[in-house]
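Protein chains: 4
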Amino acid sequence: MAETIGIGMLGYGFMGRAHSSAFRQIRHMTWPPPLIPELVSIAGRTGDAVAAAAEEFGFAEHVTDWHALVDDRRVGLFDNTGPNSTHVEPSIVAAEAGKHVICEKPLGLTADDSYEAWQRVSAAGVKHMCAFNYRFVPAVRLAHDIVVARELGEIVHFRAAYLQDWLVDPSVANLWRLDKSVAGSGALGDLGAHAIDLAHYLVGDVASVSGAMRTFTPVRAGADVDVDDAFAATVEFAQGALGTLEASRSCPGRRNSLRFEINGTGGSLAFNMERLNELEFSEGTGGFRTILVTDRDHPFMQNWWPPGHILGWEHTFVHELHHFLTAIRDDGDVAPNGATFEDGYRAAEVCDAIVRSADGQGRVLVSYRD
Amino acid sequence: MAETIGIGMLGYGFMGRAHSSAFRQIRHMTWPPPLIPELVSIAGRTGDAVAAAAEEFGFAEHVTDWHALVDDRRVGLFDNTGPNSTHVEPSIVAAEAGKHVICEKPLGLTADDSYEAWQRVSAAGVKHMCAFNYRFVPAVRLAHDIVVARELGEIVHFRAAYLQDWLVDPSVANLWRLDKSVAGSGALGDLGAHAIDLAHYLVGDVASVSGAMRTFTPVRAGADVDVDDAFAATVEFAQGALGTLEASRSCPGRRNSLRFEINGTGGSLAFNMERLNELEFSEGTGGFRTILVTDRDHPFMQNWWPPGHILGWEHTFVHELHHFLTAIRDDGDVAPNGATFEDGYRAAEVCDAIVRSADGQGRVLVSYRD
Amino acid sequence: MAETIGIGMLGYGFMGRAHSSAFRQIRHMTWPPPLIPELVSIAGRTGDAVAAAAEEFGFAEHVTDWHALVDDRRVGLFDNTGPNSTHVEPSIVAAEAGKHVICEKPLGLTADDSYEAWQRVSAAGVKHMCAFNYRFVPAVRLAHDIVVARELGEIVHFRAAYLQDWLVDPSVANLWRLDKSVAGSGALGDLGAHAIDLAHYLVGDVASVSGAMRTFTPVRAGADVDVDDAFAATVEFAQGALGTLEASRSCPGRRNSLRFEINGTGGSLAFNMERLNELEFSEGTGGFRTILVTDRDHPFMQNWWPPGHILGWEHTFVHELHHFLTAIRDDGDVAPNGATFEDGYRAAEVCDAIVRSADGQGRVLVSYRD
Amino acid sequence: MAETIGIGMLGYGFMGRAHSSAFRQIRHMTWPPPLIPELVSIAGRTGDAVAAAAEEFGFAEHVTDWHALVDDRRVGLFDNTGPNSTHVEPSIVAAEAGKHVICEKPLGLTADDSYEAWQRVSAAGVKHMCAFNYRFVPAVRLAHDIVVARELGEIVHFRAAYLQDWLVDPSVANLWRLDKSVAGSGALGDLGAHAIDLAHYLVGDVASVSGAMRTFTPVRAGADVDVDDAFAATVEFAQGALGTLEASRSCPGRRNSLRFEINGTGGSLAFNMERLNELEFSEGTGGFRTILVTDRDHPFMQNWWPPGHILGWEHTFVHELHHFLTAIRDDGDVAPNGATFEDGYRAAEVCDAIVRSADGQGRVLVSYRD
């Protein structure tokens, strides 16, 4: 029988809700689950709100200071779903207190603080994960498996665009996602970081970037917006492929469209997250086949539903947390299929390079620190 | 705060798993939930298996005789997910013991026993639901709302086909779904019943049918198959529309493809369950717009995720059970958006007419009993 | 070098325009062409109109009585593009005068007069073709080749629907296509005949049909409409497959949507004429691959454009006429890839069976005369 | 009645074939045509080959020196379809001899020689056109009309990728398109020029570019390849939009995929040339509607076929040449809907900027000469 692990969560927004729901569904992905999560306590600054969230999400307790989670002996896993500016310090403190840590992306506000988070959490000897959940879409894992099996031959192109439309309306008010001091950046860190992580996961190291950024609506609700609405970048990969990366929150009709395409000398793959159960695969030049990635032998699908019964976006979190719990239970590796804090740092390094490039520095070489 | 309701479940197969998972997610659809389900006990004939299922699904207890659920005072809702041949009697007995009843489709093996189930359960005064879960796909509800608002004008065509491919392989062994005494029929009752219920829900009464049935693989594993692999029928609706209905489990590449299209004098709708978050809508003749049915103001979506974050197949059960729990709590109506036992009976009446038509009776009029 | 052949055309409407344009493009499909068409003369009842058409279409002369074409020694090929009611007699007379004959579909207004046309034209010893041009879509020919090579195994399903939307507007005035004495039937003969011919071409003989017909708008511009707006039929094929056939001109948003799907024990094909350069092919159950049917080794494509440069609807006529000219030049067979008058008759036999079935006769057996 | 104009053509390859076919179809687009083209003479260096082409394409005569066309008084329109290196000089000489000139793209091998071509041809006072035929796709013109009508509001994004796959096979031998001295560049000038012209046509001036180029297969058939297999660039438009441009001939499964997407503050458009009859339009954020651009009131479609009967790739040339003949007849403007030599030059200016950027110059400002 499975053992239990206590969960302490920081943050009760969109991601807090998604992680909480996922913890409850772990048992439906495999039985027995690797570990049985117990929702011990949730932290947030506003007492009433966090109390309501605790009840709704199913946490037994709530606190208004995250340090209480770190000090709580019942907590074995610290789940950091707070705003971007709260990612680094609490993650480090929790790890140094011996908690395993999963932290939402982007890991830090800059490459430097992301690096520090990685170094210190890693030094603490705990398991760590940066919640790039799109690695846990079955179609994305299948894409990865196809690449690793060299069914595409040498990869020559990677293009990814993560497009949304909720900021095309200039009356959308200032959220924390529009405040640089809290979010670090705009579309770049919020959406682009996912595309960059997938580039790393599917193709490998980025050698150089050349990009531009735009804030199409510089004032909202009377306040200056100091983050980007969109960026675009040309990318050269270390192994020789040529790529484009893009993200925007100003693309009408694209609700949540993370699309990527990989071309290799032996075939191509295409994916669109609005149809996340599908992977398009051209074996050679014969045309794209739409694989409905719901078969029993597809990644993550062994214990879900019969073929053709699709999963939703939230299942990416179930798969991700299941992966992390398995690594904790087995003292196994989160990498390479799960993103670690190292991967979080590496994405930040590319983000920073794009910012520097857009700031007039032309093509910028990317150097990852060890 | 929400009150609790005890759940007693019959059956621990595919549907038992789906319902159990859904009960756990009710709280994520709305908080507070209409009622808080408590998984009291689950019944199945094979002791070891049902014991394992109880643990996996989260039921506190398990029994090998469903009568124990009916006698259990803690059970307020009897959830019948057993094979088709166990639908009628236990549902009636449970209702007559005062339990609210939800029963999987098809309601009975014939129109006659379905009618009896409806009459007796209804007479018992409890809430009753036939689990036509596809009414609870957000895109299907949206389609219904568009029809009801008369945005399509007069409906002139309805065509639905529910296609799967798992029986195209002749080596697939004899399951209960291939045994007439347990399943009642093959593709007709398993898949076609869904299409028929959607015809009722979206267009209305069927006036006549003319159909044909086929068993493409008459022997499997040495045993005769006595149910249909496929049927097709032409349908005339009482309000004048012309339709086609079809189901098959022998369509390679169609994993779980329930498609329908509605044409009216003012516009058209098209749906495909393999892309269940999408509804295609042609307002007038201007071409089809793909609506990603994930906005906050779309049906059922108020408390799920931000726009563009898609739901999975299993969420249909969350919505369905939430609807039923709400009706129980409020002493409200399950109809018209939820299917009652009356709807289960009416679908069976059409199924039977198709069988008679295929048996050489040509065009068969459908008459529904009151 | 190629010899020439004189063309005499009856009719100058939509089809007259399409055939005339195609004759001019034959040389672009292969060089040299099988025969070089010379547009000798065109016949129509209204002098001014046919004179204008002759000039526009490139005919050297025009006449108001089609008998003049039959008597014209320069005419080697009689191209009958007149309204349906002018198909039978002129085709017979022309053939009996020794002209090769191509006639638009439907061949006659009934199975009986279609049969007579076939018998007499065939007895005359000339080449004859019924202009079912959709056999000459490259993707359709490719589908046929795949079926013939048994890559689909045994065919178990065929479903075809030919949907348009121009009659959903009740103010569309009475055209000849809405007059039974000229058109014979409505959607059935106009659109359904194409679907029926494809059923014959791709699957084979029809054993029985069971159908229904509807006239949704029975009065237009003050006059009664005596043809159908739509039909639907269930079909049993002689070789065992189950099918549905449907046509309608009242489907908003479906401009010219001829779709078919074939399921076999070994795979499936799907086609949509609005995307006529594409064929979807599921080899086994692995999912549908979209083949862009524009490669040099695809049917008809050897001398067109490089891969990926799509053809249009009108090219079906170029391929069809090229096929017919080749048969004339070589004294070869029009069948099986081209439709002969026999195929025209056989389609009419199925149409008539559908009419009888819809007239209250239930399931109707189809018997083709030799 | 229409007057005639004599056509002298240089080149008898892929484009010579396409233009010749189109001249024959002008009359089918409108009757009477603006001018009736007479195929006077065609020039090519290899006598036998050009003689065969003359016969196939329908030219009355052929010559092996293009100067003969320029000296031919019967020639009113010089149609330059030769390899890229023959674009500039013959076009200038023909114009200075008083011939109207249409020249295939790219206009020159560099921005400088393209500029000279524009200046001198323009000074000659004849009509001139650079054959960016994709402006004459009905869906592209419709996109342009939607942009001009400001139905998209302010444009914020433009992304275009022109992807093919024929060079992914390393055994494809050295063609003129792989020889820099003849072609000027690889994917950039061949495919990218189209994407750049559409960027100009749909969005406007490019302010800066930042790009990278790759030759994935540097040696073919023992010879060095000195042109690019692919490029990618980030683009900043003068009016503020952010863009990406890309072209490659190494993308398996992408036969001839020119895709673009435009996002504005009020809506979005998407196009894919493999489905060139379709335009996807999201009015506001409501989702994309697929417009089948075949209605009578759609661009160019007034005299083609009834709605839903699709056009092919070659019709772009019919529309383009019709446009040019109309400008000649009326002494009207080729711009803004047709591309002039000025547009050819401007595309070359952007191409050159991309080359300089890829050569290590980072972000490069684009300045167009007057």
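Protein chains in written order, with our numbering: chain A, -15 to 354; chain B, -15 to 354; chain C, -15 to 354; chain D, -15 to 354.
Ideal Cβ positions, reconstructed from N, Cα and C, are used throughout, including at glycine.
Based on the DSSP secondary-structure assignment, which residues constitute the bridge partners of residue i?
i: Leu61/B; result: Ile(-9)/B and His84/B
i: Cys22/B; result: Rather than Cys, the amino acid found at residue 22/B in this sequence is Glu. Its beta-bridge partners are Gly(-10)/B.
i: Leu357/C; result: As displayed, chain C neither begins before -15 nor continues past 354, which places residue 357/C out of reach and without an answer.
i: Thr218/A; result: Ser194/A and Thr228/A
i: His46/A; result: Ile26/A
i: Ala207/A; result: Arg204/A
Exposed or buried, which one is residue i when buried takes at least 16 other CB atoms within 10 Å?
i: Glu(-13)/B; result: exposed
i: Arg57/A; result: exposed
i: Pro16/C; result: exposed
i: Trp160/A; result: exposed
i: Asn261/D; result: buried
i: Gln286/B; result: exposed
i: Thr300/B; result: buried
i: Gly(-10)/A; result: buried
i: Pro21/A; result: buried
i: Phe(-2)/B; result: exposed
i: Arg134/A; result: exposed
i: Asp49/C; result: exposed
i: Asp279/A; result: buried
i: Gln9/D; result: buried
i: His46/C; result: buried
i: Ser356/B; result: Look at the range of chain B in this structure, -15 to 354, and you will see that residue 356/B is not part of it.
i: Ser98/C; result: buried
i: Leu162/B; result: buried
How close, in whole Å, do the beta carbons of residue i and residue j come, if the pair is a contact with beta carbons under 8 Å?
i: Met113/D; j: Ala323/D; result: 7 Å
i: Asn240/C; j: Gln148/C; result: 6 Å
i: Arg233/B; j: Leu151/B; result: 4 Å
i: Ala144/D; j: Phe308/D; result: That pair is no contact at about 24 Å.
i: Val193/B; j: Ala157/B; result: Actually they are not in contact, since the Cβ atoms of Val193/B and Ala157/B sit about 32 Å apart, beyond 8 Å.
i: Ala6/A; j: Leu305/A; result: 5 Å
Practice task
Scan the stretch 113 to 200 of chain C and note each continuous beta strand (DSSP E) run of 3 residues or more that stays entirely inside, going in chain order.
Solution key: 139 to 147 and 190 to 198
Handout entry: Whole runs of the beta strand (DSSP E) within the stretch 227 to 283 of chain A, excluding any shorter than 3 residues
Key = 241 to 248, 251 to 256, 262 to 267 and 273 to 276
Problem - Interface residues of the stretch 144 to 170 of chain A facing chain D [CB-CB below 9 Å] - result: Within the stretch 144 to 170 of chain A, those residues whose Cβ lies closer than 9 Å to any Cβ of chain D are, in chain order, Ala145, Leu147, Asp149, Trp150, Val152, Asp153 and Pro154.
Exercise for the section: Mind checking the stretch 269 to 287 of chain A against chain C and listing, in chain order, the residues whose C-beta falls within less than 8 Å of any C-beta there? Expected result: Gly270, Gly271, Phe272, Arg273, Thr274, Ile275 and Leu276
Exercise for the section: Residues of the stretch 246 to 264 of chain A with a CB closer than 9 Å to any CB of chain D: list them in chain order, please. Expected result: Asn247, Gly248, Thr249, Gly250, Gly251, Ser252, Ala254 and Glu264
Handout entry: Residues in the stretch 205 to 222 of chain C having any Cβ partner in chain B nearer than 9 Å
Key = Asp213, Ala214, Phe215, Ala216, Ala217, Thr218, Val219 and Glu220
Practice task
For the stretch 291 to 316 of chain A, enumerate the residues whose C-beta is nearer than 9 Å to any C-beta of chain B, in chain order.
Solution key: Pro291, Gly292, His293, Ile294, Leu295, Gly296, Trp297, Glu298 and His299
Exercise for the section: Identify each residue in the stretch -4 to 16 of chain A for which the Cβ-Cβ distance to at least one residue of chain B is less than 9 Å, and report them in chain order. Expected result: Phe(-2), Arg1, Ala2, Ser4, Ser5, Arg8, Gln9, Arg11, His12, Trp15 and Pro16
Handout entry: Selection of the stretch 58 to 87 of chain D by Cβ proximity to chain A, strictly under 9 Å
Key = The stretch 58 to 87 of chain D vs chain A, Cβ under 9 Å: nothing.
Practice task
Any chance you could list the alpha helix (DSSP H) runs of at least 4 consecutive residues sitting entirely within the stretch 283 to 320 of chain D, in chain order?
Solution key: 299 to 314
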